[in-house]
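Visitor:
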Amino acid sequence: MDKEQNIIDIFTNKFIGDDGAVVGKMVLSKDMFVENTHFKRGWLSAFEIGQKAMLVNLSDAVAMNAVPCFALLGLGVPSNLKNSYILELCKGIKLTAEKYGVKIIGGDTVKSSEITISLSIISYLQNAKEVSRNGAALGDIVCYTGSLGGSLKGLKTLLNGGHISSKSKFKTPILRDKFMKHSAKFIKCAMDISDGLASDLPKICSKFRVKFYKNVSKLQWLSGEEYELLFCVSPRNLKRVQNEAKRCRVKLNILGKIIKGKQKTHGKFTHF
62 MDKEQNIIDI FTNKFIGDDG AVVGKMVLSK DMFVENTHFK RGWLSAFEIG
112 QKAMLVNLSD AVAMNAVPCF ALLGLGVPSN LKNSYILELC KGIKLTAEKY
162 GVKIIGGDTV KSSEITISLS IISYLQNAKE VSRNGAALGD IVCYTGSLGG
212 SLKGLKTLLN GGHISSKSKF KTPILRDKFM KHSAKFIKCA MDISDGLASD
262 LPKICSKFRV KFYKNVSKLQ WLSGEEYELL FCVSPRNLKR VQNEAKRCRV
312 KLNILGKIIK GKQKTHGKFT HF
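So for the sequence shown, the working numbering puts the first residue at 62; every next one is plus one.
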């Protein structure tokens, strides 16, 4: 039973079901980043924890072609956590926010048994062009940015007691904000890959299935927390998107083509 979907179903309304809720020209989004669910303290430095918490939240805004402007921070920390550690954690959040022009305008703090970071992001649509998860049609080309599999590879290394580079996608996701800004007018639907292709592909191709042009390994198929962009584009606009990717120095992968049928999934990322 999918506990996450059951919870979502309880609160379902016209605003729910995308990377963020569109209210007028605003896009409102929230993600949590919780110790022993998303990370272990020994895996990331305090700064890296704060940095990743902010990056994964900003990713939702980027996927919808919105510019993140403000954030509200909810922070829970154990009572035995050193002040120096908390300061580094907050520094990671603050400096990452500033890098993307985001101001933290309020929030709350509380004592908790584990480090818990909850961020609400207030963004504004670029050129009033919302890019949602809906809009795919027969014949559209399915693409994704960058490379997949790095996050799961990093996680497996950590679970086996190894160490990973600070450049690992498990530690430092890469946002494709510049690419989306220039490509949004050609993109029909999009989302960030947070739960892996296995879970996320059916979300933008729910009424169809994909004829794959590219072989996808099990690692690439199941790797969650990649935060690359998954999107659909009509064949006539594919070259334009490829040109924008080249201009932004972003690797673009053509995954396949949308055809009649129902997409099957094999394997799934879960939050519970």
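Beta carbons: idealized from backbone N, C-alpha and C, even for Gly.
Would you tell me roughly how many angstroms separate the C-alpha atoms of residue 330 and residue 260, rounded to the nearest one?
Guide: Note that residue 330 scores a pLDDT of 47, beneath 50, so its modelled location is shaky; the value from the coordinates is reported in the next line. Going by the C-alpha atoms only, they are around 7 Å apart.
Visitor: Check the DSSP bridge columns for residue 135 and list the partner residues they point to.
Guide: Answer is 169 and 179.
Visitor: Leaving out the 5 sequence neighbours to the left and right, which residues in its chain are closer than 7 Å to residue 244 when beta-carbon positions are compared?
Guide: Hits under 7 Å: 302 and 305.
Visitor: Measure from the alpha carbon of residue 121 to the alpha carbon of each residue in 80, 165 and 295, then state which is nearest.
Guide: That would be 80, whose Cα lies nearest to the Cα of residue 121.
Visitor: Which class does residue 308 belong to by DSSP, given the choice of helix, strand or coil?
Guide: Here residue 308 sits in helix by DSSP.
Visitor: Note down the Cα distance separating residue 165 from residue 171, rounded to an integer number of angstroms.
Guide: Computed Cα separation, rounded: 17 Å.
Visitor: Let's see if you can read the secondary structure: which residues bound the beta strand (DSSP E) around residue 108?
Guide: Residue 108 -> not in any beta strand (DSSP E); alpha helix (DSSP H) instead, spanning 107-124.
Visitor: I believe residue 311 touches residue 206 by the beta-carbon criterion, under 8 Å. Please report the beta-carbon distance rounded to the nearest angstrom.
Guide: That pair is a contact at about 5 Å.
Visitor: Using the three-state DSSP reduction, which class does residue 269 fall into: helix, strand or coil?
Guide: Of the three classes helix, strand and coil, the one that applies to residue 269 here is coil, per DSSP.
Visitor: Among the candidates 99, 176, 185 and 195, whose CA atom is the shortest distance from the CA of residue 266?
Guide: Minimum Cα distance to residue 266 is reached at 195.
Visitor: DSSP three-state label for residue 198, please.
Guide: Correct three-state label for residue 198: coil.
Visitor: Could you check what DSSP says for residue 212 in three-state terms: helix, strand or coil?
Guide: Note: residue 212 maps to helix in three-state DSSP.
Visitor: What residues match up with residue 248 in a beta bridge as DSSP calls it?
Guide: 294.
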